[in-house]
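**Student:** Residue numbers 1 to 85, in full-length UniProt numbering, belong to the letters of the sequence shown in order.
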Amino acid sequence: MSEQTADAGAAKTPADFLKSIKGKQVVVKLNSGVDYRGVLACLDGYMNIAMEETEEYVNGQLKNKYGDAFIRGNNVLYISTVKDK
């Protein structure tokens, strides 16, 4: 059995996932379609997100770079991790 299959059997909640990605590179997709990529600094129960080393992408093109960014939770469509290269 592969490691991936074995890990899939472990029960993990969305809260466990969010705790595990703190301090890691993430992509935050907004309802508007804009992506923010950077390091997840923290988030709260309303899905308000604080990020560091943040880059803003519109239609896949880099538009801005921010040191720190705060994203209001009601704008968030999803959060995903960035795969290691």
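The beta carbon of each residue, even a glycine, is placed where N, CA and C say it ideally should be. This structure is a prediction, so every number in the text was calculated from the model and none was measured.
(1) Quick one: grab the DSSP three-state call for serine 80.
(2) CB leucine 30 to CB asparagine 74, shorter than 8 Å?
(3) Given that a residue counts as buried once 16 or more other Cβ atoms are within 10 Å of its Cβ, and exposed if not, what is residue 86?
(4) Mapping DSSP to helix, strand and coil, what is aspartate 68?
(5) Count the other CB atoms within 10 Å of the CB of glycine 38; is the residue buried (16 or more) or exposed (fewer)?
(6) CB-CB under 8 Å to isoleucine 82, same chain, minus the five flanking residues each way: which ones, in chain order?
**Tutor:** From the atom records:
(1) Within the sequence shown, the letter at position 80 stands for residue 80. Note: serine 80 maps to strand in three-state DSSP.
(2) Within the sequence shown, residue 30 is the residue found at index 30, counting from 1. Within the sequence shown, residue 74 is the residue found at index 74, counting from 1. Contact flag unset, no.
(3) Here the chain covers residues 1 to 85 and nothing more, so residue 86 does not appear.
(4) Residue numbering aside, residue 68 sits at position 68 when the sequence shown is read from its first letter. In the three-state reduction of the DSSP assignment, aspartate 68 falls in the strand class, which pools E and B.
(5) In the sequence shown, the residue the question calls residue 38 occupies position 38. By the 10 Å Cβ count, glycine 38 comes out buried.
(6) Stepping through the sequence shown from its first residue, residue 82 is reached at position 82. Checking the sequence, you will find valine at residue 82 rather than isoleucine. Cβ neighbours of valine 82 beyond the five flanking positions: Lys24, Gln25, Val26, Val27 and Arg37.
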